[in-house]
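Chains as they are written, first to last, in the numbering used here: chain A, 45 to 391; chain B, 86 to 204.
Where a beta carbon is used, it is the ideal one built from N, C-alpha and C, also for glycine.
This one's a predicted model, so the numbers in the text were calculated from it and none came from an experiment.
Data block below; observations after.
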Amino acid sequence: MIFAKKCQLVPDLPLLRVSPIGSDDLLPSAPFQNGAAGLFVAPALVPLESILRTKELYLLAPSLPDYERENRALVARVQAQADLLESQLRIRAEEIVLQKLETLKQSERLRLVSYRLMQTQDEERRRIARELHDSSGQILAALGMSLGAIRLHAIQSFPQIVSVAEDGLELVRQLSQEIRTTSYLLHPPLLEETGLPEALRWYTQGLCQRSGLQISLDISEDFGRLSHEMELVIFRIVQESLTNVHRHSGSKNAMIRIDRDSERVLLEIQDEGKGMPAEKLSEIQSQGSGVGISGMRERVRQFEGELSIQSNASGTTISFAFLIPKIVNRVAEIGTGSPGLSMAASA
Amino acid sequence: MMRLLLVDDSDLIRRGVRSLLSSQTKWEICGEARDGAEAMLKARELLPDLILLDVNMPGMSGLEVTRLLRQELPNAKILIMSQHDPQRISTSALGAGAHACLDKGRLYVDLIPAIESFE
Numbered sequence: 045m046i047f048a049k050k051c052q053l054v055p056d057l058p059l060l061r062v063s064p065i066g067s068d069d070l071l072p073s074a075p076f077q078n079g080a081a082g083l084f085v086a087p088a089l090v091p092l093e094s095i096l097r098t099k100e101l102y103l104l105a106p107s108l109p110d111y112e113r114e115n116r117a118l119v120a121r122v123q124a125q126a127d128l129l130e131s132q133l134r135i136r137a138e139e140i141v142l143q144k145l146e147t148l149k150q151s152e153r154l155r156l157v158s159y160r161l162m163q164t165q166d167e168e169r170r171r172i173a174r175e176l177h178d179s180s181g182q183i184l185a186a187l188g189m190s191l192g193a194i195r196l197h198a199i200q201s202f203p204q205i206v207s208v209a210e211d212g213l214e215l216v217r218q219l220s221q222e223i224r225t226t227s228y229l230l231h232p233p234l235l236e237e238t239g240l241p242e243a244l245r246w247y248t249q250g251l252c253q254r255s256g257l258q259i260s261l262d263i264s265e266d267f268g269r270l271s272h273e274m275e276l277v278i279f280r281i282v283q284e285s286l287t288n289v290h291r292h293s294g295s296k297n298a299m300i301r302i303d304r305d306s307e308r309v310l311l312e313i314q315d316e317g318k319g320m321p322a323e324k325l326s327e328i329q330s331q332g333s334g335v336g337i338s339g340m341r342e343r344v345r346q347f348e349g350e351l352s353i354q355s356n357a358s359g360t361t362i363s364f365a366f367l368i369p370k371i372v373n374r375v376a377e378i379g380t381g382s383p384g385l386s387m388a389a390s391a
Numbered sequence: 086m087m088r089l090l091l092v093d094d095s096d097l098i099r100r101g102v103r104s105l106l107s108s109q110t111k112w113e114i115c116g117e118a119r120d121g122a123e124a125m126l127k128a129r130e131l132l133p134d135l136i137l138l139d140v141n142m143p144g145m146s147g148l149e150v151t152r153l154l155r156q157e158l159p160n161a162k163i164l165i166m167s168q169h170d171p172q173r174i175s176t177s178a179l180g181a182g183a184h185a186c187l188d189k190g191r192l193y194v195d196l197i198p199a200i201e202s203f204e
């Protein structure tokens, strides 16, 4: 079957020559006669390649039956086919939309699960930190006093064991220090009591001492308070980023800048290390990456934030932007922003 | 002889302080309390010269007890003991009326000199 712009009898031959056209020119009722246009049926003898090759088609001119009626029947069949196709397409399109929705729902569920996992992890860290600090710390303090008592008695009666008691006391001192550091790293108590600047200062000073990394921290003294969740997220991101700088970058320095206005918090962590391998960087930028970075990304997402990473041979810069939830803003502005209030407001 | 009231909810810490001070004959631990309310009762009853007070107790916190003690026993010295780094609470502890703040983890070094400084 072909739609023809023009048909022409070929002299001396029982052939009809037609020029193919687009369907918009369709005149289905055109009769078979010279110069007519319309829908024609090619008998099976006509090879289709000739349509493709020459853009023309030679039709055998048969003894003509009622083309008009056949054309109408054909058009009806074509129309029925087209209707069927259209409805199949519509169903398929609906299926695709549903599948997309389902995928969205699933990724939303996954996000929720990972958010809850992180929350649980934070709660668990907090519990272990408290347990370590309060319980083990208390026992060690008591042990220290027992050894201290032994030392005092020994000074009077058994001078030969004074040094043994003092060795024991030194071990108690070291262990107390380690337990306190581990506990504070698991959950920084200063964060809840005094807020980000103080907690970050404590953390970066400690990391300087433990790792030798030179860290500059640029955060205003009057940075103010955010919701507890947000302060914890920022603290954890700085913690994670500096751990990465220390472990992977080879940099001796790290710079942290934190700034805020009433709507947003901007955080930037920069090092002067060897940069990330191009492969790793593109993997991270395409969002499929290690646990550390995807954990950060998930934390940022809680606050409709953005994460961007630039890295080359002279260092890496990770930048974060967070939106401050509106109600917390207002609480902070009227100057009554207790962590409890902010938490409730942002929940 | 200087008389001390020892306030801490941890038996371990109270026992530790007792054994640490056992070699000191010039001071006497005249009583112990496990929380703020008991501390107030014992303080009124025993009128100690010095109160060794844990900052973190169930019920009233050490800082609240400090404020009450300052009103009721203005002459008693108050030494706060904290499981956390004492720098973190020293401002509020001194503000509440305590005379000094000690790190529990370092009591074996710091407690005796601190008490001596009040003699």
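With a threshold of 7 Å between beta-carbons, can residue 192 (chain B) be considered close to chain A, or not? Position 107 of the second sequence, counted from the start, is the residue given in the question as residue 192 (chain B). Yes, because at least one Cβ of chain A sits closer than 7 Å to the Cβ of residue 192 (chain B).
With a floor of 4 residues, list each alpha helix (DSSP H) that falls wholly inside the segment 223-256 of chain A, ordered by position along the chain. 233-238, 240-255
Using a 10 Å radius around the Cβ and a threshold of 16 neighbouring Cβ atoms, would you call residue 306 (chain A) buried or exposed? As a working note, residue 306 (chain A) is residue 262 in the first sequence. Its Cβ having fewer than 16 others within 10 Å, residue 306 (chain A) is exposed.
Does the segment 307-315 of chain A come into contact with the segment 358-368 of chain A, if we say contact requires no fewer than three beta-carbon pairs (one atom in each stretch) closer than 8 Å? yes
Under a Cβ-count criterion, where at least 16 other Cβ atoms within 10 Å of its own Cβ denotes burial, should residue 347 (chain A) be classed as buried or exposed? Start at 1 with the first residue of the first sequence, and residue 347 (chain A) comes out as number 303. Buried is the call here.
Name the chain B residues that come within less than 7 Å of residue 189 (chain A), Cβ to Cβ? As a first step, residue 189 (chain A) is located in the first sequence; it is residue number 145 there, counting from the start. Ordered by position in chain B, the residues that pass the 7 Å Cβ test against residue 189 (chain A) are 101, 102, 104, 105, 192, 193.
I'd like the list of long-range same chain contacts for residue 117 (chain A), defined as Cβ closer than 6 Å, with 5 residues on each side in sequence excluded. Position 73 of the first sequence, counted from the first residue, corresponds to residue 117 (chain A). Correct list: empty, nothing qualifies.
Neighbourhood of residue 86 (chain B) by C-beta, 8 Å cutoff - its chain only, sequence neighbours within 5 removed: Mapped onto the second sequence, residue 86 (chain B) falls at position 1. Answer for residue 86 (chain B): 111, 112, 113, listed in chain order.
Contact list for residue 18 (chain A) against chain B, beta-carbon separation under 7 Å: This structure cannot speak to residue 18 (chain A), because chain A is shown only from 45 to 391.
I'd like to know whether the C-beta atoms of residue 116 (chain B) and residue 131 (chain B) end up nearer to each other than 7 Å. Against the second sequence, residue 116 (chain B) aligns to sequence position 31. Against the second sequence, residue 131 (chain B) aligns to sequence position 46. Yes, the Cβ-Cβ distance between residue 116 (chain B) and residue 131 (chain B) is below 7 Å.
Near residue 276 (chain A), which residues of its chain fall below 7 Å by C-beta distance, leaving aside the five closest residues on each side in sequence? Counted from its first residue, the first sequence places residue 276 (chain A) at position 232. Hits under 7 Å: 166, 235.
In this structure, how does DSSP classify residue 170 (chain A) when only helix, strand and coil are distinguished? Sequence index remark: in the first sequence, residue 170 (chain A) carries index 126 (1-based). Correct three-state label for residue 170 (chain A): helix.
If contacts are defined as beta-carbon pairs under 8 Å, then residue 192 (chain B) and residue 165 (chain B) qualify, I think. What distance do you get, rounded to the angstrom? Taking the first residue of the second sequence as position 1, residue 192 (chain B) is located at position 107. Taking the first residue of the second sequence as position 1, residue 165 (chain B) is located at position 80. The Cβ separation is near 12 Å, so there is no contact.
Boundaries (first-last residue) of the alpha helix (DSSP H) holding residue 188 (chain A): Residue 188 (chain A) sits at position 144 when you count from the first residue of the first sequence. It spans 181-201 - the alpha helix (DSSP H) in which residue 188 (chain A) sits, taken as one unbroken run.
Beta carbon proximity, residue 95 (chain B) to chain A, threshold 7 Å: The sequence position of residue 95 (chain B) within the second sequence is 10, counting from 1. Output row for residue 95 (chain B): interface = yes.
In terms of DSSP beta bridges, what is residue 162 (chain B) paired with? Reading the second sequence from its first residue, position 77 is the one you call residue 162 (chain B). DSSP, once it has assigned bridges, lists B:135 as partnering residue 162 (chain B).
Measuring only between beta-carbons, confirm whether residue 317 (chain A) sits less than 7 Å from chain B. Numbered from its first residue, the first sequence carries residue 317 (chain A) at position 273. Not closer than 7 Å to any Cβ of chain B, the Cβ of residue 317 (chain A) fails to qualify, so no.
So which residues on chain A does residue 172 (chain B) lean against when the C-beta distance must stay under 8 Å? By one-based count along the second sequence, residue 172 (chain B) stands at place 87. Within chain A, no residue comes near residue 172 (chain B); the closest Cβ sits about 10 Å away, beyond 8 Å.
By the three-class DSSP mapping on this structure, what secondary structure does residue 308 (chain A) have? Along the first sequence, one-based indexing puts residue 308 (chain A) at 264. Strand, per DSSP.
Are residue 168 (chain B) and residue 181 (chain A) close, meaning C-beta to C-beta below 7 Å? What you label residue 168 (chain B) is simply residue 83 of the second sequence in a count that begins at 1. What you label residue 181 (chain A) is simply residue 137 of the first sequence in a count that begins at 1. Yes, the pair counts as a contact, with Cβ atoms nearer than the cut-off.
Could you name the residues of the same chain whose beta carbon sits closer than 6 Å to that of residue 337 (chain A), not counting the 5 residues immediately before and after it, in chain order? Mapped onto the first sequence, residue 337 (chain A) falls at position 293. Counting only Cβ-Cβ distances below 6 Å, and skipping sequence neighbours, we find 328.
I'd like to know whether the C-beta atoms of residue 108 (chain B) and residue 196 (chain A) end up nearer to each other than 7 Å. The residue given as residue 108 (chain B) occupies position 23 in the second sequence. The residue given as residue 196 (chain A) occupies position 152 in the first sequence. Contact: yes.
Check whether the Cβ of residue 230 (chain A) lies closer than 7 Å to any Cβ atom in chain B. As a first step, residue 230 (chain A) must be located in the first sequence, where it is residue number 186. For residue 230 (chain A), the answer is no, since every Cβ of chain B falls outside 7 Å of its Cβ.
Under a Cβ-count criterion, where at least 16 other Cβ atoms within 10 Å of its own Cβ denotes burial, should residue 288 (chain A) be classed as buried or exposed? Within the first sequence, the letter at position 244 stands for residue 288 (chain A). By the 10 Å Cβ count, residue 288 (chain A) comes out buried.
Whose C-alpha, out of B:119, B:148, B:93, is nearest the C-alpha of residue 176 (chain B)? Residue mapping note: residue 176 (chain B) aligns to position 91 of the second sequence, counting from 1. Per the Cα distances, B:148.
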